[in-house]
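Undergrad: All the letters of the sequence shown, read from the start, carry residue numbers 0 to 353 under numbering that gives the first Met the number 0.
Here's a structure for you.
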Amino acid sequence: MKTLVDFEADAARYQAVYGRVCASDVAEFHQAASSLFIISDSNVWSAHGEKFSELGPAMVVPAGEASKSVECWSEIQSWLAESGADRKSAILAVGGGMITDLAGFCAATYMRGIAYSSIAASLMAQVDAALGGKTGIDLPEGKNLVGAFHHPSRVWCDPQLLKTVPEPEFKNGMAEVIKYGFAVDALMLNLLESRRAEIANRDEDALLEITSRCGSLKAQVVREDPKETIGRRAVLNFGHTVGHAIEAESGYQLYSHGEAVCLGMIVEAKVGELAKRTPAGSCARVIETVREWGLPLALRSSMNAERLIERMRRDKKAVAGSIAMSLLGEVGTCRLVPDVPEQIVIEALKVIEA
Ligand SMILES: NC(=O)c1ccc[n+]([C@@H]2O[C@H](COP(=O)([O-])OP(=O)(O)OC[C@H]3O[C@@H](n4cnc5c(N)ncnc54)[C@H](O)[C@@H]3O)[C@@H](O)[C@H]2O)c1
Ligand SMILES: [Zn+2]
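The structure is reproduced here in structure tokens:
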């Protein structure tokens, strides 16, 4: 079974295909390209490279966020040039979000932009990172500081690939799935409950149902706000104002992105309740869901609230130093609130105290 999700943003039109993918699908899709260059990481390539290696030469970078760097970007650009890549060549990303961001940015910049497609290998990539056209790399000064909007021409999301994703990485992706539920789709929360065991066991049908649903939700939000200019795309940032602050304050060492987002969702649900925007009981429901998926409910060691607040003021959604958060209305709805009072955030942070 295959589910197709249409993405439309500015002039770009493309599909994410949820279902099995094989090399011949990719070859057929790219038949007009003069050549195809694969970019993958060491883990994904050793688990799945064999299936796709016939498609073209591959650059396999070390697994891990450190490869989303200027150095790797530069190495790949030189490799493309030395290998004779031209304007009609295409790049195929085979990997999680690190690779789809890196390969997408390589495609955005090589010869001022060539085509690329992705085989999204992690849950995070299939529900979020590979979709929506944001590409980029990190700088020592901060994550995702250099990048471009450059849409893939196709994204394949094969549930079979998810079987080899390490458990902590799978949970990391589940945090984003939970986020979709609370921020934009209450039905997703029912699905997560009714198919919990199947999803946890990586049953293909169950995975397909939740990943394609997330894909459709992201497609809808991207269609409404392709370049993140009207605040609509910020609904998918529920949990992220606080989450990013926790990640950054702990030097990206102590918490995975998904863990930080779960703590963020708990705090932001509480902020909503205290600000009388979110119905009472919502924070308890977030806590219950996060608990069910084995994600953290509290900080592992205490953090200075003032410093977290300082980081929130510098969040990309913030204007003129006030704290901006995507706060829940009824479960399944969310709105960007540009000026959340600091005192409320300090109070809400107590819910996740170590
Ligand atoms: N562009 C966007 O809109 C967007 C959105 C969210 C996240 N991101 C970016 O995505 C990245 C995080 O994505 P991620 O969580 O997928 O990280 P990742 O790509 O680093 O993958 C996590 C780990 O799992 C391994 N892995 C992935 N798929 C596997 C598979 N099928 N089998 C075995 N191992 C596998 C990887 O090798 C890696 O070690 C970050 O760089 C983040 O900034 C981008
Ligand atoms: Zn996220």
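Yeah, the Cβ is synthetic: ideal placement off N, Cα and C, and Gly gets one too.
Note that the structure is predicted; figures quoted are calculated from it, not measured.
Looking at C-beta atoms only, is the number of pairs between the region 149 to 160 and the region 294 to 303 that lie closer than 8 Å three or more?
TA: no
Undergrad: Under 6 Å: does the beta carbon of Met-123 sit that close to some heavy atom of ligand 3?
TA: In the structure on display, ligand 3 does not appear, and the ligands it does have are ligand 1 and ligand 2.
Undergrad: CA-CA distance, Val-220 and Leu-207?
TA: Here the question's residue 220 lines up with position 221 in the sequence shown. Here the question's residue 207 lines up with position 208 in the sequence shown. C-alpha separation (whole angstroms): 20 Å.
Undergrad: Does Asp-5 come out as helix, strand or coil in the three-state DSSP assignment?
TA: Your numbering for residue 5 matches position 6 in the sequence shown. In this structure, DSSP gives Asp-5 an extended state, which the three-state scheme calls strand.
Undergrad: For a test of the three-state rule: what should DSSP assign to Leu-294, helix, strand or coil?
TA: Position 295 of the sequence shown holds residue 294. Looking at Leu-294 - three-state DSSP - the assignment turns out to be coil, as it is neither helix nor strand.
Undergrad: Any residues whose CB sits closer than 6 Å to a heavy atom of ligand 2? List them in chain order?
TA: Glu-175, His-239, His-256 and Val-260
Undergrad: Could you check if Gly-135 is buried or exposed, using at least 16 other CB atoms within 10 Å of its CB as the buried criterion?
TA: Working through the sequence shown from its first residue, we reach residue 135 at position 136. Answer is buried; the Cβ neighbour count reaches 16.
Undergrad: Is it right to say Pro-167 is buried, meaning 16 or more other beta carbons lie within 10 angstroms of its own, or is it exposed?
TA: Translated into the one-based positions of the sequence shown, residue 167 becomes position 168. Exposure of Pro-167 is indicated by the presence of fewer than 16 other C-beta atoms within 10 angstroms of its C-beta.
Undergrad: May I ask you to check if the CB of Thr-163 is nearer than 6 Å to at least one heavy atom of ligand 1?
TA: Your numbering for residue 163 matches position 164 in the sequence shown. Yes, the Cβ of Thr-163 comes within 6 Å of a heavy atom of ligand 1.
Undergrad: Does the Cβ of Leu-186 have 16 or more other Cβ atoms within 10 Å, making it buried, or fewer, making it exposed?
TA: Within the sequence shown, numbered from 1, the residue matching residue 186 stands at position 187. Flag for Leu-186 reads exposed.
Undergrad: Quick one, are the C-beta atoms of Asp-224 and Arg-212 less than 7 Å apart?
TA: Within the sequence shown, numbered from 1, the residue matching residue 224 stands at position 225. Within the sequence shown, numbered from 1, the residue matching residue 212 stands at position 213. 7 Å or more divides the Cβ of Asp-224 from the Cβ of Arg-212.
Undergrad: Which of the three DSSP states is assigned to Met-311 in this structure?
TA: Taking the first residue of the sequence shown as position 1, residue 311 is located at position 312. In the structure shown, Met-311 sits in a helix (DSSP, three-state: H, G or I).
Undergrad: Under 6 Å from any heavy atom of ligand 1, does the C-beta of Ala-247 make it?
TA: For the purposes of this step, residue 247 is identified with residue 248 of the sequence shown, where counting begins at 1. No, Cβ of Ala-247 sits at least 6 Å from all heavy atoms of ligand 1.
Undergrad: Of the choices Pro-337, Ser-300 and Val-339, whose alpha-carbon is the least far from that of Ala-365?
TA: Here the chain comprises residues numbered 0 to 353, so residue 365 is not present and cannot be evaluated.
Undergrad: Just to confirm, is the Cβ distance from Leu-122 to Leu-161 under 7 Å?
TA: Your numbering for residue 122 matches position 123 in the sequence shown. Your numbering for residue 161 matches position 162 in the sequence shown. Result yes, Cβ atoms of Leu-122 and Leu-161 sit closer than 7 Å.
Undergrad: Report yes if the C-beta distance between Ala-147 and Val-270 is below 7 Å; otherwise report no.
TA: In the sequence shown, the residue the question calls residue 147 occupies position 148. In the sequence shown, the residue the question calls residue 270 occupies position 271. No, these two residues do not count as a Cβ contact at 7 Å.
Undergrad: If you follow the beta strand (DSSP E) that Gly-135 is in, where does it begin and where does it stop?
TA: Indexing the sequence shown from 1 puts residue 135 at position 136. Where Gly-135 is concerned, the enclosing beta strand (DSSP E) stretches over 133 to 138.
Undergrad: At what residue ranges does the region 17 to 44 contain a whole run of the beta strand (DSSP E), taking only runs of 3 or more?
TA: 35 to 40
Undergrad: So is Cys-21 buried or exposed if we call it buried at 16+ other beta carbons inside 10 Å?
TA: Here residue 21 is taken as the residue at index 22 of the sequence shown, counted from 1. The residue in question, Cys-21, is exposed, as its Cβ has fewer than 16 Cβ neighbours within 10 Å.
Undergrad: Please list, in chain order, all residues of the same chain as Gly-331 whose beta carbon is under 6 Å from its beta carbon, the five residues on each side excluded.
TA: Against the sequence shown, residue 331 aligns to sequence position 332. Here the set comprises Asp-184 and Ala-185.
Undergrad: Let's see if you can read the secondary structure: which residues bound the alpha helix (DSSP H) around Met-187?
TA: Counted from its first residue, the sequence shown places residue 187 at position 188. Note, Met-187: alpha helix (DSSP H), 185 to 193.
Undergrad: Please look up how many angstroms separate the CB atoms of Leu-327 and Phe-237, rounded, as I've assumed it's under 8 Å.
TA: Counted from its first residue, the sequence shown places residue 327 at position 328. Counted from its first residue, the sequence shown places residue 237 at position 238. Between Phe-237 and Leu-327 the Cβ distance is about 7 Å, and since that is below 8 Å, they are a contact.
Undergrad: Out of Arg-276, His-239 and Ala-247, point me to the one whose CA is closest to Val-260's CA.
TA: Residue 260 sits at position 261 when you count from the first residue of the sequence shown. It is His-239.
Undergrad: Report whether the distance from the Cβ of Met-58 to the nearest heavy atom of ligand 1 is below 6 Å.
TA: In the sequence shown, residue 58 corresponds to position 59, counting from 1. No, the Cβ of Met-58 stays beyond 6 Å of every heavy atom of ligand 1.
Undergrad: Give a single yes or no on whether Met-264 has its beta carbon closer than 6 Å to a heavy atom of ligand 1.
TA: As a position in the sequence shown, residue 264 is number 265, starting the count at 1. Result no, Cβ not under 6 Å from ligand 1.
Undergrad: Just to confirm, are Ile-265 and Ile-286 a CB contact at a threshold of 7 Å?
TA: Position 266 of the sequence shown, counted from the first residue, corresponds to residue 265. Position 287 of the sequence shown, counted from the first residue, corresponds to residue 286. Taking 7 Å as the cut-off, the Cβ atoms of Ile-265 and Ile-286 count as close.
Undergrad: Please classify Asn-189 as buried or exposed, where buried requires at least 16 neighbouring CB atoms within 10 angstroms.
TA: The sequence position of residue 189 within the sequence shown is 190, counting from 1. That one is exposed.
Undergrad: Taking buried to mean at least 16 other C-beta atoms within 10 Å of its own C-beta, is Val-69 buried or exposed?
TA: Locating residue 69 in the sequence shown gives position 70, where the first residue counts as 1. Counting Cβ neighbours within 10 Å, Val-69 comes out exposed, since fewer than 16 surround it.
Undergrad: Rounded to the nearest angstrom, what separates Ile-113 and Leu-91 at their Cα positions?
TA: Residue numbering aside, residue 113 sits at position 114 when the sequence shown is read from its first letter. Residue numbering aside, residue 91 sits at position 92 when the sequence shown is read from its first letter. Near 11 Å, if we compare the C-alpha coordinates of Leu-91 and Ile-113.
Undergrad: Restricting to Cα atoms, I'd like to know which of Gly-214, Trp-72 and Val-93 is closest to Asp-5.
TA: In the sequence shown, the residue the question calls residue 5 occupies position 6. Measuring C-alpha to C-alpha distances from Asp-5 to each of Gly-214, Trp-72 and Val-93 identifies Gly-214 as the nearest.
Undergrad: Contact between the region 35 to 47 and the region 170 to 184: three or more CB pairs below 8 Å?
TA: The region 35 to 47, when compared against the region 170 to 184, does not touch it at the 8 Å Cβ threshold.
Undergrad: Suppose you measure from the CA of Ala-89 to the CA of Ile-322; what does that come to, to the nearest Å?
TA: Residue numbering aside, residue 89 sits at position 90 when the sequence shown is read from its first letter. Residue numbering aside, residue 322 sits at position 323 when the sequence shown is read from its first letter. The straight-line gap from Cα to Cα measures roughly 41 Å.
Undergrad: Do Ile-37 and Gly-55 count as a contact pair if the criterion is CB distance below 7 Å?
TA: Position 56 of the sequence shown, counted from the first residue, corresponds to residue 55. Position 38 of the sequence shown, counted from the first residue, corresponds to residue 37. It is a contact, given that the beta carbons lie within the stated cut-off.
Undergrad: Under a three-way DSSP split, which group does Ile-90 fall into?
TA: Taking the sequence shown and counting its residues from 1, one reaches residue 90 at position 91. Reduced to three states, the DSSP call for Ile-90 is strand.
Undergrad: Using 8 Å for Cβ pairs, my map puts Pro-278 next to Glu-203. What's the rounded Cβ distance?
TA: Taking the first residue of the sequence shown as 1, we reach residue 278 at position 279. Taking the first residue of the sequence shown as 1, we reach residue 203 at position 204. Wrong, their Cβ atoms sit about 36 Å apart, outside the cutoff.
Undergrad: In the structure shown, what three-state DSSP assignment does Val-289 receive?
TA: Within the sequence shown, numbered from 1, the residue matching residue 289 stands at position 290. Helix.
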